[in-house]
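S.K.: Residue numbers (the working numbering): 859 to 1175.
Quick reminder that beta carbons are idealized off the backbone N, C-alpha and C, glycines included.
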Amino acid sequence: MTMTSDQRMKIDLVIVRFIEAMQAWNWSPRTITTYEQNARYFVDWLQSETEIETLAEVTAQTLTSYQTALLSMEKKNSEPLSVGTQRQRLTAVKSLFRHLAEEGKLLNNPAASLVLPKMRQRLPQALLTPKEALRLLDSIKTDTPLGLRDRAICEVLYATGMRNAEIRALSLGDFDASGETLTVVAGKGNKDRVVPLGPIAAAFVGDYIAKARPKIALDPAVTLLFVSKHGRPLDQHGVINAIRRHLKRAGIDKPIRPHRLRHACATHMLSGGADIRYIQQLLGHASLQTTQIYTKVEIGDLKAVHRRFHPRERGRR
């Protein structure tokens, strides 16, 4: 017997209650949407591939079968699901069942012993060298409103390591010209933080606000700091394009995105001797463990240190 439409409606109502709980926990809208979508993927699988009719019937073995099924699932382009996607789908399911057990809706949590697939740790790719980063910034012509806006965006990204979504959410009131800082409101993890810009980046942001923004932000109701050429909120591609359109002029043939500038900011500061705890605060990492990946120096740096200090190399100078 398969799940009836009435039974599916009851499970969908459970997911709605789960969404309401996540909202009460003050999770970000993006996280809630992802968890909801992944929880529904699981229910879709239950309905199509099992005879289970209620979430109370789900066992640890059911979840193991689902985890195995994820290995053979494909995306719309026929590629297999990445380990990261599999992990996301299972994380949502674990959270759902933990919530139901804590609320007393289930006698036990069938997902308690579910082991998530291990992600292969990748080193952040700080593709830009410090010289290339400065060359990119200096290549942006500021004689037009959009040019000055792009320069301000790129200066902020490299100075602060800010995320794409965070820079798009900045308001005019988040900029403190005298203090040369920006306030990130409700960043990742829904946390606020104040980040230093430095005098150069702050000067470009100030110039953009005074000279360029009034020419493109014609609607006074729009209080966002950075806006599109039509005065509307920027989407994620707007920030990406603000970088890409200037790479060629700078003579840089590398796939640079906002997150790569974030990586560059962190690794370049660490290379300059900054304490990792301050990098953690700048980037808005909840855990120092997340920041520590930046301490894994690039092979070029490692070779230089090796040549300088290894006894077999010292004698060759």
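Just to confirm before moving on: does the CB-CB distance between G1019 and L1141 stay below 8 Å?
M.R.: Result yes, Cβ atoms of G1019 and L1141 sit closer than 8 Å.
S.K.: For the region 935–943 against the region 990–998, do three or more pairs of beta-carbon atoms, one drawn from each stretch, fall closer than 8 Å, so that the two count as touching?
M.R.: In short, these stretches do not touch, since the Cβ pair count stays below three.
S.K.: In angstroms, rounded to a whole number, what distance separates the CA positions of L871 and R898?
M.R.: L871 and R898: Cα-Cα distance of roughly 11 Å.
S.K.: Can you tell me where the alpha helix (DSSP H) holding V1085 begins and where it ends?
M.R.: Looking at the DSSP string, V1085 is not in any alpha helix (DSSP H), and its letter there is neither H nor E.
S.K.: Do three or more CB pairs link the region 1093–1108 to the region 1007–1021 at distances below 8 Å?
M.R.: Verdict: yes, contact present.
S.K.: Kindly identify the DSSP beta-bridge partner or partners of D1034.
M.R.: T1039.
S.K.: My output table needs one value for S886: the three-state DSSP class, helix, strand or coil.
M.R.: Of the three classes helix, strand and coil, the one that applies to S886 here is coil, per DSSP.
S.K.: Taking contact to mean at least 3 C-beta pairs separated by less than 8 Å, is the region 960–979 in contact with the region 912–922?
M.R.: Judged by Cβ distances under 8 Å, the region 960–979 makes contact with the region 912–922, as three or more pairs qualify.
S.K.: Can you give me the Cβ contacts of D1065 inside the same chain, cut-off strictly under 7 Å, excluding the 5 residues immediately before and after it?
M.R.: Cβ within range, chain order: L1006.
S.K.: If we require 4 or more residues per run, which alpha helix (DSSP H) segments fall completely within the region 977–1021?
M.R.: Qualifying alpha helix (DSSP H) stretches, in chain order: 988–997, 1003–1018.
S.K.: Can you tell me whether P1057 is buried or exposed, with buried defined as 16 or more other CB within 10 angstroms of its CB?
M.R.: With fewer than 16 Cβ atoms within 10 Å of its Cβ, P1057 is classed as exposed.
S.K.: Tell me where the beta strand (DSSP E) around V1053 begins and ends.
M.R.: Unbroken beta strand (DSSP E) run through V1053: 1051–1054.
S.K.: Rounded to whole angstroms, what is the Cα-Cα separation between K989 and D1008?
M.R.: C-alpha separation (whole angstroms): 19 Å.
S.K.: How many angstroms separate the CA atom of A1229 from the CA atom of A1122?
M.R.: Because the chain spans 859 through 1175 in this model, residue 1229 falls outside it and cannot be assessed.
S.K.: Taking just the CA atoms, how far does M867 sit from P861?
M.R.: Sequence inspection shows Met at residue 861; the Pro mentioned does not correspond to that position. Looking at the two C-alpha atoms, the distance is approximately 10 Å.
S.K.: Ignoring anything shorter than 4 residues or poking outside the region 879–929, list the alpha helix (DSSP H) runs there in chain order.
M.R.: You should have 887–907.
S.K.: Kindly indicate which three-state DSSP category P938 falls into: helix, strand or coil?
M.R.: Of the three classes helix, strand and coil, the one that applies to P938 here is strand, per DSSP.
S.K.: Am I right that R1118 and L986 are in contact with their C-beta atoms under 8 Å? What's the rounded C-beta distance?
M.R.: Correct: roughly 7 Å between the Cβ atoms.
S.K.: With H, G and I counted as helix, E and B as strand and the rest as coil, what does DSSP make of E932?
M.R.: Of the three classes helix, strand and coil, the one that applies to E932 here is strand, per DSSP.
S.K.: Would you mind giving the Cβ-Cβ distance between L1004 and K1087, rounded to the nearest angstrom? I have them listed as a contact below 8 Å.
M.R.: Correct: roughly 6 Å between the Cβ atoms.
S.K.: In or out: Y924 buried (at least 16 other Cβ within 10 Å) or exposed?
M.R.: Buried is the call here.
S.K.: Under 7 Å: does the beta carbon of R1107 sit that close to some heavy atom of the ligand NAD?
M.R.: No copy of the ligand NAD occurs in the structure displayed, which carries no ligand at all.
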